[in-house]
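Per this note's numbering, the very first residue in the sequence shown carries number 80; after that it's consecutive. All residues carry an ideal CB built from backbone N, CA and C; glycine is no exception. Quick caveat, the model's predicted, so the values are computed rather than measured.
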Amino acid sequence: MQICSYDSRRFFLLGMRVYFGIWLLYLGLIKWFMFGASGFVNMIADQFDKTWSPHALNVSLGWLILFAEPLGALFILSGIKPRLAWGLASLLMFLLAFGQTLLMKPDVGQNWMYVFAALVCAALSDPEECCKAKS
Numbered sequence: 080m081q082i083c084s085y086d087s088r089r090f091f092l093l094g095m096r097v098y099f100g101i102w103l104l105y106l107g108l109i110k111w112f113m114f115g116a117s118g119f120v121n122m123i124a125d126q127f128d129k130t131w132s133p134h135a136l137n138v139s140l141g142w143l144i145l146f147a148e149p150l151g152a153l154f155i156l157s158g159i160k161p162r163l164a165w166g167l168a169s170l171l172m173f174l175l176a177f178g179q180t181l182l183m184k185p186d187v188g189q190n191w192m193y194v195f196a197a198l199v200c201a202a203l204s205d206p207e208e209c210c211k212a213k214s
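Have a look at this one:
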């Protein structure tokens, strides 16, 4: 691979794919190994049971997060269907930011940068057919 010859968009997307993918994979795996599956889901449910969110939804979202982070990371890292991968990542980041808002965490504003970053990558990840047609 001739990374140094990539245009700016392609270089940015490669960097984001590698860095964001590794970071998201780390976050996903740490939950499995440090908390355990049920421990993490119980922790999420306990935190959100204090809000208006119903318990069944809290448990479901705990399981969703547990699987979505590492699988989403692998999807991003694979480079297959990048717009779909980044779009799903932006939905996950929105879900996590919304959850922090629901818990009234004061640092939730910082989490929006992940939603923004994933959306930028989704927008820049034009389908190959689209890019070829423009040339």
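- For residue 182, no alpha helix (DSSP H) segment is defined, and its DSSP state is neither H nor E.
- For the segment 86-130, the full-length alpha helix (DSSP H) segments reaching 4 residues or more read 87-109 and 116-127 along the chain.
- Going by C-alpha positions, residue 91 is about 12 Å away from residue 83.
- When DSSP states are grouped into helix, strand and coil, residue 132 belongs to the coil group.
- Annotation for residue 189: the continuous alpha helix (DSSP H) segment containing it runs 187-203.
- Around the beta carbon of residue 141, a 10 Å sphere encloses 16 or more other beta carbons of the protein chains shown; the residue is thus reported as buried.
- Taking a C-beta distance under 8 Å as the contact criterion, residue 99 and residue 155 qualify as a contact pair.
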